[in-house]
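Colleague:
In UniProt numbering, the protein residues as written are 1 to 204.
1. Applying the 10 Å Cβ sphere with the 16-neighbour rule, what's the burial state of residue 192?
2. Tell me residue 152's beta-bridge partners as DSSP assigns them.
3. Measure the CB-CB distance between residue 90 and residue 113 and report whether it falls below 8 Å.
4. For residue 137, I'd like the list of residues in its chain whose CB is within less than 8 Å of its CB, leaving aside the five on either flank, ordered along the chain.
5. Using 8 Å as the cut-off, can you tell me whether the region 62-70 makes contact with the region 25-38, which would need three or more C-beta pairs spanning the two stretches below that distance?
6. Sort 139, 2, 158 and 143 by Cα distance to residue 152 and report the nearest one.
7. Can you pull the DSSP bridge partners for residue 179?
8. Please state if the CB of residue 180 and the CB of residue 150 are separated by a distance shorter than 8 Å.
9. In the DSSP assignment, find the unbroken alpha helix (DSSP H) run with residue 57 in it and report its ends.
10. Going along the chain, which residues of its own chain have a beta-carbon closer than 7 Å to the beta-carbon of residue 188, five neighbours each way excluded?
11. Thinking just about the alpha-carbon of each residue, which of 6, 98, 116 and 71 is nearest to the one in residue 33?
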């Protein structure tokens with residue numbers, strides 16, 4: 001488990017291989033759960049629901065619920081820059097823990113663990129438009145009101161090539177200031193910014 005909590009900035013014996021394994025196991029467990037919960041739902045809706053449940057910000061929420069940030073082993077640079085709060089690092093750690101639990105036990109145990117973490121989210125999720133990704137929903141929201149499409153601008157890229165964090169400004173008609181999103185890739189940062197924009201638009 002110590003390796004699962006170790007970021008590559010702290011040691012050469014880090015958690016990236018466990019993360020790779022955990023990512024695949026998580027996807028399988030959630031896909032299996034959705035398949036049995038929604039026997040009449042088509043593949044497209046199930047794929048969108050799975051994407052919602054396994055995306056980075058959902059995993060980061062789970063990490064925060066368990067205060068995993070307090071347990072991470074980070075190098076001095078990541079510690080100084082607040083890496084224990086970074087969504088991408090938190091999400092990767094959850095996947096690494098899943099991989100570690102699988103190697104230490106078996107698929108049945110890790111499946112029970114994942115389903116216990118996801119019980120409320122699985123109970124609350126449902127097929128439909130709200131499972132579309134945030135960029136698509138924002139685009140449809142604006143098009144439905146005959147407003148210009150949003151613009152996305154990369155304003156900062158931090159970290160080394162293997163572990164970057166992108167910061168995006170999303171300019172949306174109807175919002176006075178750009179909305180900020182961050183992520184481990186440009187696409188993820190744009191999705192995060194679009195999600196924040198939707199929240200602001202729906203509140204106003």
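Quick reminder that beta carbons are idealized off the backbone N, C-alpha and C, glycines included.
Modeller: A quick look at the data gives this:
1. So residue 192 ends up on the buried side.
2. For residue 152, which the question treats as bridged, DSSP gives the partners 170.
3. In this structure, residue 113 does not lie closer than 8 Å to residue 90 by Cβ.
4. Around residue 137: 129, 130, 194 and 198.
5. Taking 8 Å as the limit for Cβ pairs, the verdict is that the region 25-38 does not touch the region 62-70.
6. Considering only alpha carbons, the answer is 139.
7. Beta-bridge pairing links residue 179 to 170.
8. 8 Å or more divides the Cβ of residue 150 from the Cβ of residue 180.
9. Under the DSSP assignment, residue 57 falls in the alpha helix (DSSP H) whose first and last residues are 56-65.
10. Answer for residue 188: 56, listed in chain order.
11. With respect to the C-alpha of residue 33, the residue from 6, 98, 116 and 71 having the closest C-alpha is 116.
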